[in-house]
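This report concerns only the one structure given below.
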Amino acid sequence: MQRHRVLAFTSAALLLQLLSPIVAAHGHDDDHHDGGGMHESMHGGNDSSIPSAPPSYFSHPDYRRWMFAHIIFMVLSWVVVLPIGVMMSIVRSRFAMPVNLVFLVLNAVGLLVGTVYNNRTPDLYENNSHHKSGWAFTWIACAWVVMGVVDLYARKARASGGPHPPHAGRHSVSFAAIAQYQRIQSAEAQPSRWSDDSGQGTERNTSSLYGHSRSPSVQSENQQFAAQSPTLHEDDIDDGDDGSYDAAEKRGFLRSVAVDRFLSRNVPRVAAGRTFKAVRLLYALIERTILILSFVALTTGLAVYGGIFRGNDIFNGLAHFIKGGIFFWYGLLVLGRWSGSFADLGWAWNVKPPAEVVGRRKAAVPSAEFLESLLIFIYGASNVFLEHLGAWGGEWSPMDLEHVSITIMFFGGGLLGMLIESRKVRDLLNAPIHSIRDGDRYPNEKNEAWQAPKTYRFPMNPLPALIILLLGMMMSSHHQASAVSAEVHKLWGSLFAGASLARGFTYILMYLSPPASYLPSRPPTELITAFCLISGGLIFMGSNRTASDLDIQNRNTVMTLEAYGLDAMFIFVVTMGFTGLLMAWETLVIAIKGWAVRHEGSRRAFSTRTPGAGSAA
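Written out as structure tokens, the structure is:
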């Protein structure tokens, strides 16, 4: 019964994905026929209630339920379900594929509803980027799920000692080894324990596969396979590449059906060698960036829905959305650090584990403060070219020069922060005092006096916080074209200043009591830092306004607020509520990831300790 549900679920997802383009190609004649009446009713309603508001889907009176349904399904799929699927995929949980299928179904329904809405309403935002990027991101998500299936079956074949394509220079497999392998495969349903703790299974060139064991029993062959399996360090391949799949995954996600047999037989043949490595690399890349793609899709959808950033205002909107989005994701990263993410890199306000614990590759990753300084450096270097996009080729205004000066401050401050985080630079700064010890002028000096202070074990770099503090102070008093715009800038400037002060208190706590454990210390001040950065970044994104009011059809965020009679407090209150909800959801998602890690670990431990547990599961 369960496998029929899975097949029906998968078929429904694919069917909905295929129906969306068909609906998009249908009904254009009727839409053009009704377009004039829709325009008349829409403009009539706008003239009576909001005279200066430009035409937009937000003010369009018809088929609003379809738009609301589209928004609800897209938020459910890309904001609620997708983050859980990404977390499950990162830890290689057996629940990753069902969650991703739920995501595809919800996204397909949202696409179908949105396509119907587009065909029943006039095009109020011609040549917008949301439609194009939405379809592109949908196909990327579908490809990611397909690559997840390929990765699942390829790793399942490895974990179960399945066949691998022969490589050049390796020995051929003997008939005795083939017979031994067939006996093991045929005994898969019997109560025998399969050990997959090593992460690689058995390759063709291992001794157990060449028939060195004299025991004819399948149980002894299984034990020999487990004993001969090479140990794979966690750092050698991407996260979760330990082949640790339970018996249910070894039998296949679509257990005992034709699709499962087809995939189990053909995927390991295709996804092998360099092809498998390329698929895994692309899969991991999409896995780490698909949430950013969802952010781009949602923000472009918001811009199209509100009818903003038309004409030359697109440059002003892009500048504010990009810069505000950076601070928004920076705040999410800060909350992730507080929650314990990246503890193996030493980013969770903990002592960085050595290479013996986490591997050489993770031990070589620089500190989080270095990454923050690098982002500030890149921010300053790139925004020099963004400050004048709205008036490209024209005369530079004093405000443009002020903005360029701010970017130079980011450039220099980020560079200084990276120098402070450089171990080589710090060692050179200590060279004068080290020369005294090397000269052996004080042979009776105690050795403890030459030991590095405890604060050296933990990076304390106030430059990123200082740069953001200065930015907040500047923007709080920056001249704007309207009172609402000035108030909005003051709001996010004050929030950035609050984030910097909270980070300063964090460093005071860390200096007074440096971390001494690999576990996250979770300073409470970082919650304030994350909240201020997330909310400040969102308000930053909505603070764009041009100085000219000549073209009422080209609206940006602040002008749209003014057109609807709203003030800065409206966007402030809405952002505060959304930030609190989003932070709670991120914390819950990271907790779900921890539950998945513990759940999979307990299943592996139970399968290892209990004979026959793998086949009985």
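Quick note on numbering: the sequence shown equals residues -24 to -1, 1 to 593 in mature numbering (1 follows the signal peptide of the UniProt record, and there is no 0).
Cβ atoms here follow ideal geometry from the backbone N, Cα and C, with glycine treated the same way.
Computed from a prediction, not measured in an experiment: that's the story for all the values here.
Segments assigned alpha helix (DSSP H), at least 4 residues, entirely inside the region 63 to 108
72 to 96
Thinking just about the alpha-carbon of each residue, which of 98, 53, 63 is nearest to the one in residue 77?
53
Have a look at residue 355 and residue 383 and give me their C-alpha separation to the nearest angstrom.
7 Å
Determine the direct distance from the alpha carbon of residue 424 to that of residue 55, and round the result to whole angstroms.
Cα to Cα, residue 55 sits roughly 53 Å from residue 424.
Leaving aside the five residues before and after residue 300 along the sequence, list all residues of the same chain whose C-beta is less than 6 Å from its C-beta, in chain order.
513, 516, 517
Could you say if the region 540 to 558 and the region 484 to 500 meet the contact criterion of at least three C-beta pairs nearer than 8 Å?
no
Taking residue 286 as the reference, give the member of 521, 307, 507 with the closest Cα.
That would be 521, whose Cα lies nearest to the Cα of residue 286.
Whose C-alpha, out of 44, 62, 488, is nearest the C-alpha of residue 85?
It is 44.
Pop quiz: residue 341 and residue 494 are said to be a contact at Cβ under 8 Å. What is the actual Cβ separation, rounded to whole angstroms?
At roughly 15 Å, the Cβ-Cβ gap does not stay under 8 Å, so residue 341 and residue 494 are not in contact.
Would you decide whether residue 244 is buried or exposed? Buried here means 16 or more other CB atoms lie within 10 Å of its CB.
buried
If we count the other Cβ atoms within 10 Å of its Cβ and call it buried at 16 or more, is residue 238 buried or exposed?
By the neighbour-count rule (16 or more Cβ atoms within 10 Å), residue 238 is not buried but exposed.
Note down the Cα distance separating residue 311 from residue 241, rounded to an integer number of angstroms.
43 Å
Between the region 99 to 107 and the region 273 to 283, can you find at least three pairs of beta-carbon atoms closer than 8 Å?
yes
Close Cβ partners of residue 504 (< 6 Å) along its chain, the five nearest in sequence each way excluded:
Cβ neighbours of residue 504 beyond the five flanking positions: 478.
Look at the alpha carbon of residue 316 and the alpha carbon of residue 96, and state the distance between them as a whole number of angstroms.
48 Å
If you follow the alpha helix (DSSP H) that residue 510 is in, where does it begin and where does it stop?
In the DSSP assignment, residue 510 falls within the alpha helix (DSSP H) that extends over 501 to 517.
From 67, 353, 578, pick the residue whose C-alpha is nearest to that of residue 394; which is it?
353
Please classify residue 253: is it buried, with 16 or more other beta-carbons within 10 angstroms of its beta-carbon, or exposed?
exposed
Note down, in chain order, each residue of its chain lying with its Cβ closer than 6 Å to the Cβ of residue 474, except the 5 sequence neighbours on either side.
508
When the Cα of residue 444 is compared with those of 349, 536, 339, which residue comes out closest?
Looking at the Cα atoms, 349 is the closest of the given residues.
Does the count of Cβ pairs from the region 384 to 404 and the region 428 to 437 closer than 8 Å reach three?
Yes, the region 384 to 404 is in contact with the region 428 to 437.
Can you list, in chain order, the residues of its chain whose CB lies under 6 Å from that of residue 25, leaving out five sequence neighbours each side?
With a pLDDT of 42 at residue 25, under the threshold of 50, the modelled position of this residue cannot be trusted; read the value that follows with caution. Counting only Cβ-Cβ distances below 6 Å, and skipping sequence neighbours, we find nothing.
Apart from the five residues just before and just after residue 31, which ones in its own chain have a Cβ nearer than 6 Å to its Cβ?
100
Cα-Cα separation, residue 374 to residue 535
22 Å
Ordered along the chain, which non-local residues of its own chain (more than five positions away) have a Cβ less than 8 Å from that of residue 482?
325, 499, 501, 502, 505
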